[in-house]
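Inspection log for the structure reproduced underneath, given as structure tokens.
Residue numbers (my numbering): 2 to 233.
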């Protein structure tokens, strides 16, 4: 499905750092996020299916629901419900050896116009998932998407999306939802962060929150560095 979508879009993609990918291992993939093309691009670049987290509202829209189901996405719970069900599904996927993808900037860069080199602060949910996953070892793989040519249009009023998810504060703001379509893009694969029993044992001394924050900052710094490499 991801390769078919990319063929249809006629995007030119170059991949760098594929040799860094750990073979045959569950992984949590984290990336910057500005376009609906990001998930299929990363899947194609990594050469394996990735169960990407997607916004709750996408599971409420008939056409979008069909697409995300075909891509194997994992819808997040509604913003006012917590993420218990999502974490349960994501941990099950990791236990089965799959790759789970998360865009840790959240939805903000998708609903606000941004430049290709923009990077928002990461939320630490992906790090908490990696630390809590019921597997002996996995890798967090940072990925940067560096778009060199793109089209950025406004497609629909943001408040229209509140019909599908009234609990999302971003859908209450004025303005229009942008739609970014890439024409030429570099996918930069970063240095994986190994999460194993030894690292998890540090939670007892540091605390789960402190360790998750360290992992989050480490991956954010890596994606920021990869983005700079992609543009220079």
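Every residue, glycine too, gets a C-beta built ideally from N, C-alpha and C.
Separation of residue j from residue i, as counted between CA atoms
i           : j           : result
residue 54  : residue 126 : 11 Å
residue 192 : residue 22  : 8 Å
residue 151 : residue 184 : 5 Å
residue 109 : residue 96  : 30 Å
residue 218 : residue 123 : 8 Å
residue 227 : residue 144 : 8 Å
N-terminal and C-terminal residue of the beta strand (DSSP E) that residue i is part of
i           : result
residue 197 : 194 to 197
residue 219 : First-last for residue 219: 209 to 232, but that is the alpha helix (DSSP H), not the beta strand (DSSP E).
Beta-carbon contacts of residue i that lie in its chain and below 7 Å, excluding the five residues immediately before and after
i           : result
residue 68  : none
residue 146 : 32, 33, 39, 42, 186 and 188
residue 82  : none
residue 153 : 114, 179 and 181
Chain-order list of residues whose beta-carbon lies under 8 Å from that of residue i (same chain, five-residue window excluded)
i          : result
residue 75 : 52, 53, 54, 55, 87, 90, 91, 94 and 101
residue 84 : 77, 78 and 126
residue 19 : 46, 47, 48 and 190
Alpha helix (DSSP H) segment containing residue i, residue limits
i           : result
residue 28  : Looking at the DSSP string, residue 28 is not in any alpha helix (DSSP H); the run it does join, the beta strand (DSSP E), is 28 to 32.
residue 12  : Run containing residue 12: none; DSSP gives neither H nor E here.
residue 126 : 126 to 133
residue 79  : Premise fails: residue 79 is in no alpha helix (DSSP H) and is neither H nor E.
Counterpart residues of residue i in DSSP-defined beta bridges
i           : result
residue 113 : Its beta-bridge partners do not exist; DSSP assigns none.
Close beta carbons around residue i, own chain, < 6 Å, minus the five adjacent residues each side
i           : result
residue 134 : 92 and 95
Hey, is the region 190 to 202 in contact with the region 151 to 159, meaning 3+ C-beta pairs nearer than 8 Å? Under the 8 Å Cβ criterion, the region 190 to 202 does not count as touching the region 151 to 159, having fewer than three qualifying pairs.
Quick check: the region 177 to 197 against the region 129 to 141, are at least 3 beta-carbon pairs closer than 8 Å? Result yes; three or more Cβ-Cβ pairs closer than 8 Å.
Would you call the region 114 to 122 and the region 159 to 173 in contact, with 3 or more CB pairs under 8 Å? Flag = no, the region 114 to 122 and the region 159 to 173 do not touch.
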